[in-house]
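Okay, structure first, notes after.
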Amino acid sequence: MRLPEEELLAPGHRACQGCGEILAIRLILKTLGRRVIVVQPTGCMEVVTTPYPQTSWRVPWIHAAFENAAAVASGVEAALKRLGREGIKVVAIGGDGGTADIGLQALSGMMERGHDILYVCTDNEAYMNCLDPSSLVLTEEGLKKVSEVRVGELLYSFDLQRRTLVARRCSGVFFNGVHDIYEVVTPHHLIRATPNHPFLTLERGGRNRLVWKTLSQLRVGDGVVVLRRIPYGDSYLFGFKQPWAGDPQAAHPGPLRIPERSSPELMKLLGIWLGEGWVRPKKGEVGFALPEGKRGRRELIRLSQKVLGTTPTGEEDYLYLRSHPLARFICSLGLGMRPENKTIPGWVFTLTLREKKALLEGLMLTDGYSRGGSQRFVSTSYELLRRLRLFLQSLGYGVGEIHWMERKGEGRGFRSEGLGHVSFRKKRTPDHTHYPYVNCLEGNEFFEVERIIELRYVGRNQTVDLRVEKDHNFIADGMVVHNTGIQRSGTTPALAWTSTTPVGRIWRGEDKPKKDMPAIALAHHIPYVATASVGYPMDLVGKVKKAAEVKGPSYLHVHCPCPPGWGYDSSLTIRIARLAVETGCWILYEAERGRIRITLKPEKRKPVREYLMIQRRFSHLTEEEVERIQREVDARCKELGLE
Amino acid sequence: MAAKLARVQVVSAYPITPQTPVVENLARYVANGELEAEFVKVESEHSAMSVCLGASATGARTFTATSSQGLMLMSEILYVVSGMRLPVVMANANRSLSAPLSIWNDQQDSLAVRDCGWIQLYCENNQEILDLLLLSFRLAESLSIPAMVCYDGYILSHTSEAVEVPPQEEVDAFLPPYSPDLKLDPDRPLTMGPVGVPEVYMEARYMQHRALMEAKDGFLKVAEEFGRRFGRKYGILEEYRTEGAEVLLLTMGSLAGTAKEAVDICRDRGERVGLVKLLLYRPFPWEELVRALSGAKAVAVLEKDISTGWMGALYIDTAASFVNQARKPLFLNFIVGLGSRDVRVEDLEEVVRITKKVGEEGRVGENPRWLGVKREMVE
Amino acid sequence: MKLLRGAVIDRPGSSVEYLTSGWRILRPVRERRMAPCSFSCPVGNDLPEILYLVKKGRMREAWRVLKSTNPFPSVCGMVCYHFCESVCNRRKLDETVAIRAVERFLGELGRKKGWRMEAGKPTGKRVAVVGGGPAGLSCAYHLRLLGHEVKVFEAREREGGMMVWGIPEEHLPRPVVEEEISSLLEMGVKVERNHRVEGREELEGYEALVLATGGDPLPEGLKVERVEANEWGRTKLKGVFVAGELAGVKRGVARAIGSGRKVALAVDAFMRGRELKPPPKPSVVGPEEIKLDYFTFSRGVWGPNGPESEEEVKAEAERCFSCGSCDGCDNCWILCPEACIVREGEREYRTDENYCKGCGICAMECPKAVIRMVEEGT
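Protein chains in written order, with my numbering: chain F, 1372 to 2014; chain D, 2 to 380; chain V, 4 to 381.
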């Protein structure tokens, strides 16, 4: 069956990318053809399709108010009848609010009176909030980009009761599509997030209550909770495969040991390398730009002998360690390869205090110097400066902003060629430059309050969010952010939702199942009632055709996923709609003269978790809640004869 | 009856005292085939007006009737109907507003919605109801503005009076079938009721306001033709024995009947008293009122409503007409008859006396004055 | 613009004035990709295309597409190792598509109906092919399609090589082979039987020479040095090419035919003075890219010999996923919320760039993995 070519809903409407509702309406109109009159209540669809003086509708269309679509449609139908204008179908298309809540009365009256009207309810729901994918999250494995966090990993979190640092499991990673992104800047931290992402802040006016505020509610001067330092860990065990005797790729002067674990000496050496070193793995060369007389040179020679068991070969300006295994080892550490792309990888953040300090010492031997009461480090790698900043903060230093200058050089294809520096100094406690008022986090070992110095719009970008157990927050770019959004359940079987309120009063709300609108329609004994989904367009089309031919009221309830409301990437609309049916969360049936018949039976019903866990709005659900939902879905399916 | 004569095509109403006889009669007409219309038995007044909206937008002549609480419930849609410029005609049996619950007459209900953009006409007697309704259909359809004809509940709805019913053919000649150029039709797909973006909202409201202001002239034209065809002349207001009056009474609705009696009695006594009865309330005919009232020393505005927290609506509107005039009488506002509190001729004679005194002394004193309030209950 | 009363909009579909193209940061790109079956076919048959045409009942066109790569469809249809079937993505759902049977059917149909391919426009160039086995004949066939004059020198009394001498008759009946070979002859491929070429001097006057003598040792006069790892049959001598087993291609009829075809293309390029550019590495559609939920579980129902009748073969062709190749399923067009995909032909769709918001639904829902999203501006 080929659908008619004609588009009765013109493009150029303002519906979101991947909107399920507008697709449903497009398909319904295609099926019904030109001889219709569409009645719509106030809602998403009405707003995106008729911004004066433009309209997407190529059929007659009328909108009156929010609650009276069915009544207006009744009037249209009565007039057509009286005027003898035959062959025109009246269709009312409303959202779930305009149908099930405020519009219920009018709908009931219309069905009771038996008007020849097709009523379609396009069903969708609510919220989400998220971060820029480059945000760095503090995990037990060290710093990671939020987009690289895996489910099951342990993240650092702020224990709201005890106000201390704890590790919590990540139970979900969500890619939420493209959104507007803003930056929140404090003296020592910077994070990018969407306007509705909640941050933990100090309540204004008081000094002892922490409350969650969305980015849009933040003002310059507000205090946000930031990480002061992280706990010190262990020396790191490298998983590097050691060279064996006779390894043809190992060419080196003298015996060379590749260390198995980190140590302060090794970290100092690496610090020097970070500042002035490079590696050429094919040549098997690890080099250092340390001319005679430079401070780091002697130190490097000493460390190299102690840690690696070998002496670097020297030239006037450079020192070399020629060894393929060593080169490969250095590459494997994730420190970068050339001056422009150096960085501090996540595992460094998990080291002991001594090791970390050693790295810093090594680094400062190269491009660092003291200036006034503080120290300064210079680099041509912006990323290195960024990571260094976080690294220093995790050691308890106060660090200023990165000063960076773009340089027009003979580009070798690097994105930002330039030069920059950061300044830092040991923090005094309490340090009121961050936040001028005494507050409840004074003296806290891991956290403190910093004031916001700037809020600005950055642009649009892909966004990511995480779900974390128990306290539902994690530390991104040094700030404590929440992982939740307020959710509303839809017309699917009892779905628990949760909402988090200011610290100390975390509760989990539960909702009864929302009204079963098709059942209400059935109770009016109308000739045709059906459910459908945009994920199964031909099933929807068939049902629209049947409903259109009914002489009397018909009711069609269409499941329409909503990317911003449900929290998923816009390309997944159809996938999610299909998953809803495949898991039994949405059942496709039709009832002619009250007799229910399932129109699409999934061969093997998938577990509801597959449907729930890819949507931001369900990211709060615990295992028990998911199981409860599974039981309820199972019960409902059994009721309808769907195993 | 008027609806039947006008050959309305879609009627939708929800019963509410004291409008019920209207609904019952219409149902009877349709059941007997005397009126070929769709009678939609809706589940609330809000839906009643919504049905009329949809039907009118599709090109049918529509009618409904309501009162008091029902009018309040549908008030949201009244604005939508007038904003969409649909010529729905409605009969409103004026009834008091809850709380406290009252099924009895006053004009609070229709005056509460005076801003909704509908033409408002007030009837003194049953003949006027019939005539003004017929007139309204013609007026509304020619201007694309909805119209409501208000008449006092119980006083006019539940009393009998002989009326002259014009013959069907005459009405047909006066009121041709409704055929709007803008309607819902697949052959010319229109989008009705779009989002009124800021760039256009003010213009839309301005156009609507201007059209309503111009309806005054429209009314005069239609009334003139009505007069020629059916012999009964209607104007924006009726001036009863106002020549040389020092004291004028201003009122709307059935109270005018009682007021005319009081005027007669006073004139017989030699007092120079007159009555101005206002038929067309919206659009507010300020020029006509200024002309009619300027000559008096003092005017008593009698009305069965109160804009709680200030004065009566008619008083406020009249006062606004005079605020920039050089020559104006003193105005007194009398709040009378709320909840069907009886207004007798004697009460009106008292009103005349008070007003006359004000005119002579040049001092207004207490304003508004509530007539008939039992002081001992409220002190 | 004048305001109509009630702010009525009398311009249906006027939202087209608002171009929503500025919303997107990704846009869809349609690209014909390589199906695993075609990728693994040594002959290089365009299987999705052939199966599509069979599905539509356009048998002659299907036959032509098949013959444009494979001169011996009946032969392969009977004895090829069906490399295609072992990588067919349909296996992940139920069962591989019986591609070989379709090929066989087409071969038989072609023979029955006497369909013929025409030689290309004459180029005036002449090529000599030494060895009348599948590789040599295939090479000759393809050269003829390209318009060149070809003469095949076969040492034995009849040509056919492995197809006649190597494969037992119960698998590959002689008449079938002869029929297919004769269609080549009708195209104008000249075959000289019982002519064993001893040296290159015998073949003066030919612009190019192809050696396809199979497993037999080459006469001294013909020995050449191969160029290392070259599937295009080039040798150190200009104008002399090797094909088939002689060129190091593994044994197998289909491989030989495929080799013959590739070499023909190389020869053709050489004779036109063009550099033969090896095609870029194709993007093969893996099974995980196919949205299995768009297909229903089905197993072919047929007799012991597989699908044979036209109905059976058509039904089997319906089961083809059409990996990487649009078959006009309309899915993208149906599911676009912006209604901005235009149907331009039976299997052609175009996204109206003025309105595409880059939501990615078309790419996600294309069951054939033809559409993918790329960054705007690339």
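Virtual Cβ for every residue (Gly too), placed ideally from N, Cα, C. Note that the structure is a prediction, hence the values are computed from the model and not measured.
Asked	Found
So, is the C-beta of Q1388 (chain F) closer than 8 Å to a C-beta in chain V?	yes
Tell me whether D296 (chain V) sits in a helix, a strand or coil according to DSSP, three-state version.	helix
Verify whether the separation of the beta carbon atoms of L176 (chain D) and R139 (chain D) is less than 8 Å.	yes
Determine the closest residue to R161 (chain V) out of V:E181, V:D333, V:R353, V:A259, with distance taken between C-alpha atoms.	V:E181
Would you mind sorting P1375 (chain F) into buried or exposed? The rule is 16 or more other CB atoms within 10 Å of its CB.	exposed
In the structure shown, what three-state DSSP assignment does C1415 (chain F) receive?	helix
Taking only three categories from DSSP, how would you classify T1863 (chain F)?	Caution is warranted here: a pLDDT of 32 is assigned to T1863 (chain F), below 50, making its placement in the model unreliable, and the coordinate value is therefore given only provisionally. Coil at T1863 (chain F), not helix or strand.
Quick one: Cα of V302 (chain D) to Cα of T252 (chain D), how far?	6 Å
In chain D, what lies closer than 8 Å to V19 (chain V) by C-beta?	Here the premise fails: no neighbours, minimum Cβ distance about 14 Å.
Starting from W1644 (chain F), follow its DSSP beta bridges and name the residues at the other end.	DSSP lists no partner for W1644 (chain F).
In the DSSP assignment, the alpha helix (DSSP H) including K261 (chain D) goes from what residue to what residue?	256-269
From the DSSP secondary-structure annotation, give me the bridge partner or partners of R1796 (chain F).	F:G1769
Name, please, each residue of chain D whose Cβ falls closer than 8 Å to the Cβ of P1480 (chain F).	Strictly speaking, residue 1480 (chain F) in this sequence is Gly, with Pro absent from that position. Correct list: V43, E44, S45, S48.
DSSP beta-bridge partners for Y2024 (chain F)?	The question about residue 2024 (chain F) has no answer, for chain F in this structure spans 1372 to 2014.
Measuring alpha carbon to alpha carbon, tell me which of D:V31, D:I156, D:R283 ends up nearest A415 (chain D).	Chain D is shown from 2 up to 380; residue 415 (chain D) falls before or after that span and cannot be answered.
Using the Cβ count rule (16 or more neighbours within 10 Å means buried), how would you classify G1906 (chain F)?	buried
Going straight from the alpha carbon of M193 (chain D) to that of H1895 (chain F), what length do you get?	30 Å
Can you have a look at Q169 (chain D) and say buried or exposed, based on whether 16 or more other CB atoms are within 10 angstroms of its CB?	exposed
Start and end of the beta strand (DSSP E) containing Q121 (chain D)?	120-123
Do the segment 1398-1409 of chain F and the segment 1944-1955 of chain F touch if we need at least three Cβ pairs shorter than 8 Å?	no
Kindly list, in the order they appear in chain D, the residues whose Cβ is closer than 9 Å to that of G1468 (chain F).	Within 9 Å Cβ-Cβ: nothing; G1468 (chain F) doesn't reach chain D, min ~16 Å.
What are the boundary residues of the alpha helix (DSSP H) that A1435 (chain F) is part of?	Careful: A1435 (chain F) lies outside any alpha helix (DSSP H) and carries neither H nor E.
Listing by chain order, which chain D residues have their CB less than 8 Å from the CB of L1964 (chain F)?	The amino acid occupying residue 1964 (chain F) in the given sequence is Arg; Leu does not appear at that position. By Cβ distance, chain D contributes nothing, its closest Cβ being about 24 Å from R1964 (chain F), past 8 Å.
Using a Cβ-Cβ distance under 8 Å, would I12 (chain V) count as near chain D?	yes
Do three or more CB pairs link the segment 256-273 of chain V to the segment 76-85 of chain V at distances below 8 Å?	yes
Starting from C151 (chain D) and walking both ways along the beta strand (DSSP E), at which residues does that stretch end?	148-153
Would the beta-carbon of R1693 (chain F) fall within 8 Å of that of E1656 (chain F)?	yes
Let's see if you can read the secondary structure: which residues bound the alpha helix (DSSP H) around L1403 (chain F)?	1391-1403
Going by other Cβ atoms of all chains shown within 10 Å of its Cβ, with 16 needed for buried, is Q1764 (chain F) buried or exposed?	buried
Return the first residue and the last residue of the alpha helix (DSSP H) that D271 (chain V) is part of.	256-274
In chain D, which residues lie with their C-beta within 7 Å of the C-beta of L6 (chain V)?	V201, E204, A205, M208
P195 (chain D) touches chain V at which residues, Cβ-Cβ below 9 Å?	A10, V11, I12
Helix, strand or coil for M193 (chain D)? Go by DSSP, reduced to three states.	strand
Would you report the Cα separation of V164 (chain D) and R364 (chain D), rounded to the nearest angstrom?	44 Å
Whose C-alpha, out of D:L134, D:A49, D:A113, is nearest the C-alpha of M312 (chain D)?	D:A113
Check whether the Cβ atoms of N95 (chain D) and N106 (chain D) lie closer than 8 Å to each other.	yes
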